[in-house]
Structure formats: structure tokens, C-alpha cells
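K.L.:
Residue numbers (the numbering used here): 853 to 1040.
Where a beta carbon is used, it is the ideal one built from N, C-alpha and C, also for glycine.
Predicted model only: the values in this text are computed from it and were never measured.
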Ligand code: AMP
Ligand code: MG
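1. Starting from residue 1028, follow the alpha helix (DSSP H) in both directions and report where the run begins and ends.
2. What does DSSP give as the partner residue(s) for residue 934 in the beta ladder?
3. Note the first and the last residue of the continuous alpha helix (DSSP H) segment covering residue 872.
4. Which whole-angstrom value is the C-beta distance of residue 1022 and residue 870, which I expect to be below 8 Å?
5. What number of angstroms, rounded off, separates the C-alpha of residue 941 from the C-alpha of residue 887?
6. In chain order, what residues of the same chain have a beta carbon less than 6 Å from the beta carbon of residue 931, not counting five sequence neighbours either side?
7. Is residue 810 near ligand 2, in the sense that its beta carbon is under 7 Å from a heavy atom of that ligand?
8. Would you mind giving the Cβ-Cβ distance between residue 889 and residue 906, rounded to the nearest angstrom? I have them listed as a contact below 8 Å.
9. Given 7 Å as the limit, tell me if residue 1005 has its C-beta closer than that to any heavy atom belonging to ligand 2.
10. Thinking just about the alpha-carbon of each residue, which of 963, 975 and 874 is nearest to the one in residue 925?
11. Between the C-alpha atoms of residue 920 and residue 914, what's the straight-line distance to the nearest angstrom?
12. Rounded to the nearest angstrom, what separates residue 985 and residue 960 at their Cα positions?
13. Can you look up residue 952 in the DSSP assignment and give me helix, strand or coil?
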């Protein structure tokens, strides 16, 4: 996996995942599973969003969402109960991404990439993103020479942007991350 992007792609593919979680050690972190994929394609020159993909995903290990998870994400039990499984969700995502063949997968931090790696391994799904991933949090941290990484909400506020939608919903997180792209990448 490399973060080096020598030739900018035509598109950035911003993905934000939500996953099963708990706050009381009910299950280990490595048993978290994706329950929402939110993805936005943004033009790499204008930074404008041009297409979106969203799906809920039914987990297979911890089927009942914890109250903590439902409160954090706003995702309801019915959303995951009626959702497609991970393998089908990845097939749909891959089909949608095929319309943007040189898009590069980006996310705020390393969490989303790692969670995809875990779920792809568990479900034996081939890795669909090529070997490049851009950690936007790291790029942001470098650009502003910050001493340590900043939470996404703090980064938005610092640039006088207000979160639009619901924080910790995959599609809303992805849309708001796209709003930070010009701040991260635009040449001064
Ligand atoms: P986010 O993109 O920030 O909404 O986080 C992605 C996923 O990480 C969430 O769906 C949760 O599974 C997990 N997560 C985020 N924040 C917390 C937290 N404070 N405690 C436990 N898990 C969390
Ligand atoms: Mg999120």
C-alpha cells in the first residue's frame, strides 16, 4: 500500500465506514464489522462531488447493534437487518467504482482502510482498491504542520465549516470529508 501519488488521479474516492462497536468491552475491536459504506467521488481539479454510493451492510458476528453503536451512528437495527451482506455490498461498490477507473481511495485516517482489509479477509473478498490509499488526516496534518493528528470535527471547525448532516453516518462523514479536500490539496 502506498500513499505516494505522483500523478494526481482524475478523481478522489472518499470512503467512510461505520462498523459494529461497543463501549464496554462486549466484543474485541478485531470483531468489528462494517455496517455502512458511504462513498463520494470528487473531481480532483474542482473538488466538487460528482457521484455517491451508500449501502448498509448486515454483520455476521455481532448481529444485534449495541445501544452505544445505534446512538453513535444513528443506524437502526432495522437498517442492518434488511441490508445486503458484505460480499454483495463489495460487488455493488466495485461495479459503481468501475465508472471511475483511476480514482484513488482516500479516507480520514487509517481506520477505514484497515476495516476493509479485515472484512475482505474474513469474507474472502478480493481487494478492489488497487495498491494506493491516501490518508487525508495525515495529509492535512502535514499541510498545516500540526504536532498531532486532529479529529475530523475539529479540523472542520478550524476552517469555519459546520458539519452538514449527522456525524458518524458513513455517507454524511464522506460528504463532509469531501468539503475538506480543497483545504488539504489546493495549491496556495
Ligand atoms: P466514524 O467514521 O468516526 O463514525 O467511526 C467509524 C466507526 O468507528 C464507528 O462506526 C464505530 O464502529 C467506531 N467508533 C467511532 N468512534 C467510536 C468510539 N468513541 N467508541 C467506539 N467505537 C467508535
Ligand atoms: Mg464515519
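P.N.:
Straight from the coordinates:
1. 1022-1037
2. Residue 934 pairs with nothing; no bridge assigned.
3. Careful: residue 872 lies outside any alpha helix (DSSP H) and carries neither H nor E.
4. Taking 8 Å as the upper bound for CB-CB distance, residue 1022 and residue 870 are in contact here, some 5 Å apart.
5. 10 Å
6. Around residue 931: 908.
7. As shown, the chain starts at 853 and ends at 1040. That puts residue 810 outside it, with no answer to give.
8. Sure, about 7 Å apart at Cβ, within 8 Å.
9. Short note on residue 1005: C-beta not closer than 7 Å to any heavy atom of ligand 2.
10. 874
11. 13 Å
12. 11 Å
13. coil
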